[in-house]
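Take a look at the structure set out below.
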Amino acid sequence: VTKIRDKAFYSCFDILSAVIPNSVTEIGEFAFSCSNLSAVIIPDSVTVIGRNAFSGCSRLKEISLPKQITVIEEDLLCQCEGLTEIIIPENVKSIKGSAFSECISLTSVSFPDGLRSIENYAFSGCESLEKITLPKSLKAIGDGVFAGCDKLSVIYYEGTKQEWEAIEKHYNWDNDSSF
């Protein structure tokens, strides 16, 4: 098995945990979406994870994202209400829209130094998130990235003020209601 196909385990409520075998290189769209998964181990052999692959897994508390992925796709882990922390792998350059939206228990996000963009609403509704550190490598931030993150009170940027001002910030970034 080299690919877990789209919707392979969609709404399979009997699966509580998953260990993806080393032979797998791709996980399809909605592959495990809306299931009762509480833990997932994904090997570093996986280089692509499709959008919504784990969306709606409200019991998911643990997931290890593989080191080889370069993009975190749209809605990848949205509505994973049990997820408390996420470490974005070092090779990730882009976090797509709503990737972690409504992860209401998420308190900790670790961004890699090479991250270049965070797209629209990527962390919106993560109401337990209190502080984040954005890497100096960041070049673009989308709309409402942290909208609805009511406890978010500290955003630290690792670069200079001039580098911060050079980042492409989409509509209403400076007046976003999440600050």
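Quick note on the working numbering: the sequence shown kicks off at 3 and runs consecutively. Even glycine gets a Cβ: it sits at the ideal position worked out from N, Cα and C.
The shortest CA-to-CA distance from Lys138 to any of Ala149, Leu117, Ser130, Lys153 is the one to Leu117. Secondary structure at Lys163: helix, using DSSP grouped into helix, strand and coil. Contact check for Val3 against Ala20 fails: the beta carbons are separated by 7 Å or more. Of all alpha-carbon atoms in Phe148, Ile120, Ile134, Thr109, the one lying nearest the alpha-carbon of Leu140 is that of Ile120. Within the DSSP bridge table, the entry for Val73 names Ser96 as partners.
As DSSP reads the structure, Ala20 sits in a beta bridge with Val42.
When the Cα atoms are used, Tyr158 and Phe113 turn out to be separated by approximately 12 Å.
Between Glu64 and Cys80, the gap from beta carbon to beta carbon reaches 7 Å or more. The Cβ atoms of Asp77 and Ser107 do not sit closer than 7 Å to each other.
Under the three-state reduction of DSSP output, Ala142 falls in the strand class. Sixteen is the threshold: since fewer than 16 other Cβ atoms of the shown chains lie within 10 Å of the Cβ of Ile89, the residue is exposed. A Cβ-Cβ distance of about 7 Å is found for the pair Gly144 and Ala124, placing them in contact under the 8 Å criterion. Beta-bridge annotation (DSSP): Ser110 is paired with Glu87. Annotation: the continuous beta strand (DSSP E) that includes Leu136 extends over 133–136. Relative to Glu75, the option among Ser40, Thr162, Phe56, Glu165 whose CA is nearest is Phe56.
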